[in-house]
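Here the structure comes first, spelled out in structure tokens, and everything after it is commentary.
Chains as they are written, first to last, in my numbering: chain R, 7 to 220; chain Z, 9 to 90.
Here you go:
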């Protein structure tokens, strides 16, 4: 296993100077940066804060690299640090844009609403047709509307390929809690997305016949 | 008590989220799969939910990452080590 700095006794090595220790930390971190930034962006909802959060998490991880257990998942360890850093610094922020209410998370909301429009009778693949009309910015707005604990669980679910247990380990709550947040978060996300689709005229466009040629 | 040898629509519906995420036991995954092979209504719901999840995942992962992010992190680590 690569050399690792010990916070108590080892001066952190330079990054661009002599070889050895710094390369080992960076070689583990660098492949994660794209998904780390994406996750941080969904957490914080703006690019400047996301970049700050990733940098802060990287520094914290570097300082604590001595406590990382060789052979365990660096990815899970780093995302735990990133998530904790987010909780510490940003979680008290208020939600933005539309709001979805926790006591109203219907099952298969999009399935039922698109069925009401007759989409299932007219389109071979109604889910693909719906999603082809929804822009990335609409999905971003929908996930931003979720309450914080649901947005964090949904973000780790959608942005990473973690299992429920891995997400529970990252967030530091029981796996049953994460299962519930992911299931309910998905329902809330579907409801928020439909609200946005109605506001942006996507629903009325989908309701018009002749649009099923996906 | 014997394990069930097949699931009803209600039993499948209550497990659909976990099935989508492959979070059921091997035996339950198999029971859900067998039901979906024979029930067009449940199979339609499953295909729709899976399609929406794939679409959401694909759009949420479409992000332009700052090209110099690793360099900035390296600079901060280097600055700290001085």
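Backbone N, C-alpha and C fix where the C-beta goes; we use that ideal spot for every residue, glycine too. Everything numeric in this text was worked out from a predicted model, so none of it was measured.
Just the chain R side, please: which residues come within less than 7 Å of residue i by C-beta, in chain order?
| i | result |
| --- | --- |
| residue 56/Z | 117, 132, 133 |
So is residue i in contact with chain R if we call contact Cβ pairs under 8 Å?
| i | result |
| --- | --- |
| residue 37/Z | no |
| residue 84/Z | yes |
| residue 68/Z | yes |
| residue 34/Z | no |
Please tell me whether residue i has its Cβ less than 8 Å away from any Cβ of chain Z.
| i | result |
| --- | --- |
| residue 71/R | no |
| residue 43/R | yes |
| residue 27/R | The pLDDT assigned to residue 27/R is 45, lower than 50, so where the model puts this residue is not dependable; a value taken from the coordinates is nonetheless given after this. No, residue 27/R does not count as interfacial toward chain Z. |
| residue 164/R | yes |
| residue 51/R | no |
| residue 207/R | no |
| residue 149/R | yes |
| residue 39/R | yes |
| residue 142/R | yes |
| residue 86/R | no |
| residue 57/R | yes |
| residue 81/R | no |
| residue 128/R | no |
| residue 157/R | no |
| residue 122/R | no |
| residue 47/R | yes |
| residue 32/R | yes |
| residue 204/R | no |
| residue 75/R | no |
Who are the Cβ neighbours of residue i in its own chain at under 7 Å, not counting the five residues just before and after it?
| i | result |
| --- | --- |
| residue 56/R | 43, 46, 47, 50 |
| residue 58/Z | 28 |
| residue 80/R | 34, 74 |
| residue 156/R | 187, 190, 191, 194 |
| residue 97/R | 154 |
Whose C-beta lies closer than 8 Å to the C-beta of residue i among residues of the same chain, with five residues either side of it excluded?
| i | result |
| --- | --- |
| residue 213/R | 123, 124 |
| residue 17/Z | 43, 47, 49, 50 |
| residue 59/R | 46, 49, 50, 88, 91, 92, 95, 96 |
| residue 10/Z | Reliability of the predicted coordinates at residue 10/Z is poor, the pLDDT of 45 falling under 50, and no value is obtained from them. |
| residue 39/R | 60 |
Closer than 8 Å by beta-carbon distance: list the chain Z residues that pair up with residue i, in chain order.
| i | result |
| --- | --- |
| residue 65/R | 81, 84, 85, 88 |
What residues from chain Z crowd round residue i, counting only those whose CB sits closer than 9 Å?
| i | result |
| --- | --- |
| residue 114/R | 21, 24, 53, 56, 57 |
Note down, in chain order, every chain A residue with its Cβ under 8 Å from the Cβ of residue i.
| i | result |
| --- | --- |
| residue 42/Z | No chain A appears in the structure shown, which is made up of the protein chains R and Z. |
Starting from the beta carbon of residue i, find every residue of chain R whose beta carbon is closer than 8 Å, and list them in chain order.
| i | result |
| --- | --- |
| residue 75/Z | The contacting residues do not exist; residue 75/Z stays about 11 Å from chain R at best. |
| residue 31/Z | 169, 170, 185 |
Got a sec: does the ligand SAH put a non-hydrogen atom nearer than 7 Å to the Cβ of residue i?
| i | result |
| --- | --- |
| residue 67/Z | With respect to small molecules bound, the structure shown includes none, and the ligand SAH cannot be examined in it. |
So residue i contacts chain Z; which residues on that side make the cut at Cβ distance below 7 Å?
| i | result |
| --- | --- |
| residue 60/R | 77 |
| residue 145/R | 64, 67, 68 |
| residue 68/R | 85 |
Using a Cβ-Cβ cutoff of less than 6 Å, which residues in the same chain neighbour residue i once the five nearest sequence positions on both sides are dropped?
| i | result |
| --- | --- |
| residue 119/R | 200 |
| residue 205/R | none |
| residue 83/R | 74 |
| residue 33/Z | none |
Inset, instruction - Output the residue ranges of the alpha helix (DSSP H) runs that lie fully inside the segment 133-216 of chain R and measure 4 residues or longer, sorted by chain position. - result: 142-150, 154-165, 170-177, 181-205, 208-213
Inset, instruction - Starting from the N-terminal side, write out each stretch of the alpha helix (DSSP H) that is 4 residues or longer and does not extend beyond the segment 57-134 of chain R. - result: 80-96, 115-122, 125-128
Legend entry - Continuous alpha helix (DSSP H) assignments of at least 4 residues falling wholly in the segment 21-63 of chain Z: 24-28, 34-46
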